[in-house]
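Since the structure comes first, as structure tokens, the remarks are kept for the end.
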Amino acid sequence: MTRKNRFAAAIAIAAGTALLATGCSSGGAADDGNGKVTMTFWHNSTTGPGKAYWDDTVKAFEAKNPNVTIKIQAIQNEDLDGKLQTALNSGDGPDVFLQRGGGKLNAMINAGQLLDIKDSISADAKKSISAGTFSGYDAKDGTYAMPVAVLPEGVWYSKDLFEKAGIDGTPTTMDELNDDISKLKDSGVDPVAVGAKDAWPAAHWYYNFALRACSEKTLTGAADSLKFDNACWTKAGKDLESFVDTKPFNQGFLTTAAQQGAGSSAGLLANHKAAMELMGAWDPGVISSLTPDAKPLPDLGWFPFPAVSGGKGDAKSMMGGVDGYSCTAKAPKKACTDFLNFIVQKDNQEGYYKAFQAIPVNQDAQSVVSESYLKTALAAYKDAPFVSQYLDTLYGQNVGNALNTSVVDVLADKGTAKDIVTTTNQAAAKG
Amino acid sequence: MTLDTSLGTNPTTGSDRASGSTTAGSGASDAPRPAGRRPAKRIADWRKRAEIAVLAGPAVIVFVTFVILPVGMAAYYGFFKWQGYGPPTDFVGLQNYVIIFQDQAFRSVLMHNGFIVVLSLVLQGPIAIVLALLLNQKMHGRGLIRVLVFVPYVISEVIVGTGWSLLLQSNGAVNDMLQGIGLGGLRADWLSNPDIAIWTLLLIISWKYIGFAVILFLAGLQSIPEELFEAAAIDGAGYWQIQRRITLPLLGPTIRIWAFLSIIGSLQLFDLVYIIWGQYIASTAGTSTMATYMVGNGRNSGNYGFGSAVAVVMFIISLAVALIYQRFVLRRDTAGAITEGKK
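Quick note, the sequences are listed as chains V and H, same order. First residue of the first sequence? That's -2 in this note's numbering, and the numbers climb one at a time after it. First residue of the second sequence? That's 1194 in this note's numbering, and the numbers climb one at a time after it.
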């Protein structure tokens, strides 16, 4: 018995040591002197065609650049930011990774974690991607990420369910939206799905109310001051409160996730259990992975966030993100920027669109976008006088996180419009 | 005196280091001792030291590196505003601690932890004692029932959390079952209604950890001598009298140790909450604990300095509770161990 235990202990120690050893040796770029380069690459597509796209693209890049090996790590979206920060802190970060932009980007730039790719962007990429798309990644005379997709936000809805509820067209004002919601309730489906468990999907409702309530100057100015004293922040909260009072959300929304499984908000829409959700333009890809046959939802439609009366924001302004990829400061510059230039080439961008059903940044590739909902979203995006970064990204991890959770409190009737402002102001003190 | 003992006990305490050093310093009187004994003894000493170093070394290194050092680092980082990039530079003194104790959200996590500490004891203790008494009787299927009671404790927290969160969804199996047996009126948003979420959590915790309490109590019951029960029975004590006057008092040390483990576990509760309510909404659902507060306001917000300060507060609270409990409740149970059996 004792001998057995000792043996087991010895094995455990050996295994533990081995784990430690491998843990220490993994990660990071390695140049072995023969010009051979190994890079690690973190993205957030853990399943389906998105994962396959990155696998294929990396393989194609490696075939063209035999000296470069890229190790892919797909990390679940909600886990990505935390893991990334921990890895960057410990100097064990990836070489290429999904860049959220905004305050998170600034924190990384200030810490000297990112590679300035400005002088390495290929002429081809400069020509095919609009300067405006790059602008979110510009700072301190440098450019710190390569955009790959534009992700304007709006409401994704099921045309069939709208039709069944007797709704003509799509709502353009909050009153119309509220009318449609009560019609949908009468027809027996959940009107709006929201993945409040992940906090940010709920907070996007507040972002859009703030976008309608606040001027462009207030929204972008708050990124520097991190003060939310303007009355429009409270107005946005009040607008959200009165919307929440109509009880538009799916039952048990507080513990509904955004993207995982049929019970998630995207899954509810994909399975015709809920009629709409507010989400960025990555949603079609997520929805199609969650339909019963794992194919795109045939009756998916899109409309922009409705106009809200009494605000300072333009009714055509949009929330929208740009997905891009950054190289870390320690990455091998040539190989890493080559890879970034490679992924925005026309054929790869078309592949990206097909895999993610998202709008590619390469304007030559945008012509292949065929779905009516993406076309509508793209047109609205080009027409928008102002496209704001998602506020949690814009205001950085600390304030963004507090903002998101305080909005969830309002949805769950545990907080008020005023609390959103106080909590968010307080959060700045913690960081 | 020292010489006497060293000489007198030498044959039996060859490895006693103290006797070796006294003989070395005791001058002429140890001259007649046979030569060659001391080197052999020194080798034996060396052996013993090397053995201790080799065997304890890895554990000490691991303990210092992964327990003591992080505690110290957390205390250090807690004095800074620090986003986690590069070395901390923005020294803010005790400001993080001031913010913690002014934060309404932290006060509510303390309430939640306190609620769970108290109600875990109140709920699990009596049920576990009754179950243990029951399972201590000779009856059919006793082994099977013991295993079934203990199974939840063995299942990992992640599985328990995922399983219960699926069962307790608004459209989940529990609500469907209630509907099916005609109790549709009892359907509830078990997890997402802030008024009942913490009770749901408490039930899941009790379900999971009660098996551990039962096993402990069963072990305690086994160690009570049979004679006591026989004597009591001969004296005419009834079943309940025996349980109340003999079993419970003699089970006391076990109950107190179990309560200690339960309290510490409740104070540090994290995994079940994190699995069921995720990273963001525990405070909204009213199930946040000190640990989820730390992760939410530290790691998730990128405030590593602030998060470290929360960790320190949590450490001090747990330590204080543990020390107070040891001092006042566990004293008589551990008295023998600490005072080397002096009565």
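In this text, a Cβ means the ideal position worked out from N, Cα and C, and glycines have one as well. In this text, all values refer to a predicted model and were calculated from it rather than measured experimentally.
Cβ shell of A312 (chain V) (< 6 angstroms), same chain only, five flanking positions each side left out: Residue numbering aside, residue 312 (chain V) sits at position 315 when the first sequence is read from its first letter. Taken in chain order, the residues that qualify are A304.
Need the endpoints of the alpha helix (DSSP H) that V1310 (chain H) sits in, please. On the second sequence, residue 1310 (chain H) is found 117 positions in, with the first residue counted as 1. 1297 to 1328 is the extent of the alpha helix (DSSP H) around V1310 (chain H).
Please determine, among V:V145, V:A381, V:I356, the residue with the shortest C-alpha to C-alpha distance to Q96 (chain V). The sequence position of residue 96 (chain V) within the first sequence is 99, counting from 1. Checking every option, the nearest Cα to that of Q96 (chain V) belongs to V:V145.
I need the boundaries of the beta strand (DSSP E) containing P188 (chain V), first residue and last residue. Against the first sequence, residue 188 (chain V) aligns to sequence position 191. Segment 187 to 189, the beta strand (DSSP E) holding P188 (chain V).
Cα separation between S1419 (chain H) and I1338 (chain H)? As a position in the second sequence, residue 1419 (chain H) is number 226, starting the count at 1. As a position in the second sequence, residue 1338 (chain H) is number 145, starting the count at 1. Reading the sequence as shown, one finds Glu at residue 1419 (chain H) and not Ser. So the two alpha carbons sit approximately 23 angstroms from each other.
Less than 8 angstroms between the beta carbons of L337 (chain V) and I356 (chain V), yes or no? In the first sequence, the residue the question calls residue 337 (chain V) occupies position 340. In the first sequence, the residue the question calls residue 356 (chain V) occupies position 359. Their beta carbons are not under 8 angstroms apart, which means L337 (chain V) does not touch I356 (chain V) by this criterion.
If you count every other CB in all the chains shown that lies within 10 Å of the CB of H201 (chain V), and 16 or more means buried, which is it? Against the first sequence, residue 201 (chain V) aligns to sequence position 204. So H201 (chain V) counts as buried.
With 16 other Cβ atoms within 10 Å as the buried cut-off, status of Y1432 (chain H): Stepping through the second sequence from its first residue, residue 1432 (chain H) is reached at position 239. Looking at its Cβ environment, which holds fewer than 16 other Cβ atoms inside 10 Å, Y1432 (chain H) is exposed.
Evaluate P149 (chain V) with the Cβ neighbour count: other Cβ atoms within 10 Å of its Cβ, from every protein chain shown; 16 or more gives buried, anything less gives exposed. Taking the first sequence and counting its residues from 1, the one referred to as residue 149 (chain V) is at position 152. P149 (chain V) comes out buried.
At least one CB of chain V closer than 8 angstroms to the CB of W1357 (chain H): is that the case? As a working note, residue 1357 (chain H) is residue 164 in the second sequence. Chain V, which has no Cβ nearer than 8 angstroms to the Cβ of W1357 (chain H), makes this no.
Counting pairs of Cβ atoms below 8 angstroms between the region 116 to 132 of chain V and the region 1280 to 1294 of chain H, do you hit three or more? no
Please return the same chain residues whose Cβ sits closer than 8 angstroms to the Cβ of K68 (chain V), not counting the five positions on each side in sequence. Taking the first sequence and counting its residues from 1, one reaches residue 68 (chain V) at position 71. Once the five neighbours on either side are set aside, the close Cβ partners of K68 (chain V) are T35, M36, T37, F38.
Got a sec: is the Cβ-Cβ distance from L1328 (chain H) to anything in chain V below 8 angstroms? By one-based count along the second sequence, residue 1328 (chain H) stands at place 135. Not closer than 8 angstroms to any Cβ of chain V, the Cβ of L1328 (chain H) fails to qualify, so no.
Taking just the CA atoms, how far does A328 (chain V) sit from I1254 (chain H)? Within the second sequence, residue 1254 (chain H) is the residue found at index 61, counting from 1. Within the first sequence, residue 328 (chain V) is the residue found at index 331, counting from 1. Approximately 34 angstroms, taken between the alpha carbons.
Within the continuous beta strand (DSSP E) that includes Q93 (chain V), where are the two ends? Taking the first residue of the first sequence as 1, we reach residue 93 (chain V) at position 96. According to the sequence as given, residue 93 (chain V) is Val; it is not Gln. Element bounds for V93 (chain V): 93 to 96.
Going by DSSP, which residues form a beta bridge with T66 (chain V)? The count along the first sequence starts at 1 and reaches residue 66 (chain V) at position 69. Its beta-bridge partners are V:T35.
Extent of the continuous beta strand (DSSP E) to which A1478 (chain H) belongs: Numbered from 1 along the second sequence, position 285 holds the residue referred to as residue 1478 (chain H). Not the beta strand (DSSP E): A1478 (chain H) falls in the alpha helix (DSSP H), residues 1475 to 1478.
For G139 (chain V), write down the residues that DSSP places opposite it in a beta bridge. The count along the first sequence starts at 1 and reaches residue 139 (chain V) at position 142. Paired residues: V:A136.
Report yes or no: is there a C-beta of chain V within less than 8 angstroms of the C-beta of L1460 (chain H)? Locating residue 1460 (chain H) in the second sequence gives position 267, counting from the first residue. No, its Cβ sits nowhere closer than 8 angstroms to a Cβ of chain V.
Would a check of beta-carbon distances place T215 (chain V) closer than 8 angstroms to chain H? Position 218 of the first sequence, counting from 1, holds the residue named residue 215 (chain V). No - not a single Cβ of chain H is within 8 angstroms of the one on T215 (chain V).
Spell out whether any CB of chain H is found under 8 angstroms from the CB atom of L85 (chain V). Taking the first residue of the first sequence as position 1, residue 85 (chain V) is located at position 88. By this cut-off, L85 (chain V) is an interface position.
Could you run through the region 185 to 201 of chain V and flag, in chain order, every residue whose CB is less than 7 angstroms away from some CB of chain H? A193, K194, D195, A196
Mind checking R209 (chain V): buried by the 16 CB within 10 Å criterion, or exposed? For this step, residue 209 (chain V) is matched to residue 212 along the first sequence. R209 (chain V) is buried by the Cβ-count criterion.
How would you call A362 (chain V), buried or exposed, if buried means at least 16 neighbouring beta carbons within 10 angstroms? If you number the first sequence from 1, residue 362 (chain V) lands on position 365. Result: buried.
For T373 (chain V) and T167 (chain V), what's the separation of their Cα atoms in angstroms? As a first step, residue 373 (chain V) is located in the first sequence; it is residue number 376 there, counting from the start. As a first step, residue 167 (chain V) is located in the first sequence; it is residue number 170 there, counting from the start. Taking the straight line from one Cα to the other gives about 12 angstroms.
Consult DSSP for S22 (chain V) and reduce its assignment to one of helix, strand or coil. As a first step, residue 22 (chain V) is located in the first sequence; it is residue number 25 there, counting from the start. For S22 (chain V), the pLDDT reaches just 38, beneath the cut-off of 50, and the residue's location in the model is therefore unreliable, although a value from the coordinates is still provided. If DSSP states are grouped into helix, strand and coil, S22 (chain V) belongs with the helices.
Return helix, strand or coil for K214 (chain V), following the three-state DSSP convention. Residue numbering aside, residue 214 (chain V) sits at position 217 when the first sequence is read from its first letter. In this structure, K214 (chain V) counts as helix in the three-state DSSP scheme.
Less than 8 angstroms between the CB atoms is what I'm expecting for G428 (chain V) and N1496 (chain H), so what's the real figure, rounded? One-based indexing of the first sequence puts residue 428 (chain V) at position 431. One-based indexing of the second sequence puts residue 1496 (chain H) at position 303. Correct: roughly 5 angstroms between the Cβ atoms.
From D176 (chain V) to W279 (chain V), what distance separates their C-alpha atoms? Taking the first residue of the first sequence as 1, we reach residue 176 (chain V) at position 179. Taking the first residue of the first sequence as 1, we reach residue 279 (chain V) at position 282. The alpha-carbon atoms of D176 (chain V) and W279 (chain V) are separated by roughly 27 angstroms.
Neighbour flag for K224 (chain V) against chain H, beta carbons, 8 angstroms: Position 227 of the first sequence, counted from the first residue, corresponds to residue 224 (chain V). Not an interface residue.
Going by DSSP, which residues form a beta bridge with T325 (chain V)? Within the first sequence, the letter at position 328 stands for residue 325 (chain V). In DSSP, T325 (chain V) forms a bridge with V:L111.
At least one CB of chain V closer than 8 angstroms to the CB of S1349 (chain H): is that the case? Mapped onto the second sequence, residue 1349 (chain H) falls at position 156. Output row for S1349 (chain H): interface = no.
Contact list for I1292 (chain H) against chain V, beta-carbon separation under 7 angstroms: Indexing the second sequence from 1 puts residue 1292 (chain H) at position 99. Result: A426, K427.
Taking only heavy atoms of the ligand ZN into account, decide whether any of them is closer than 7 angstroms to the Cβ of A1268 (chain H). As far as ligands go, the structure on display features none, and thus does not contain the ligand ZN.
Cβ neighbours of I1450 (chain H) in the same chain (closer than 8 angstroms, five flanking residues each side left out): The residue given as residue 1450 (chain H) occupies position 257 in the second sequence. Answer for I1450 (chain H): L1409, L1523, D1526, listed in chain order.
Taking the alpha helix (DSSP H) that E435 (chain V) falls in, what are its first and last residues? Residue 435 (chain V) is absent from the structure shown; chain V starts at -2 and stops at 428.
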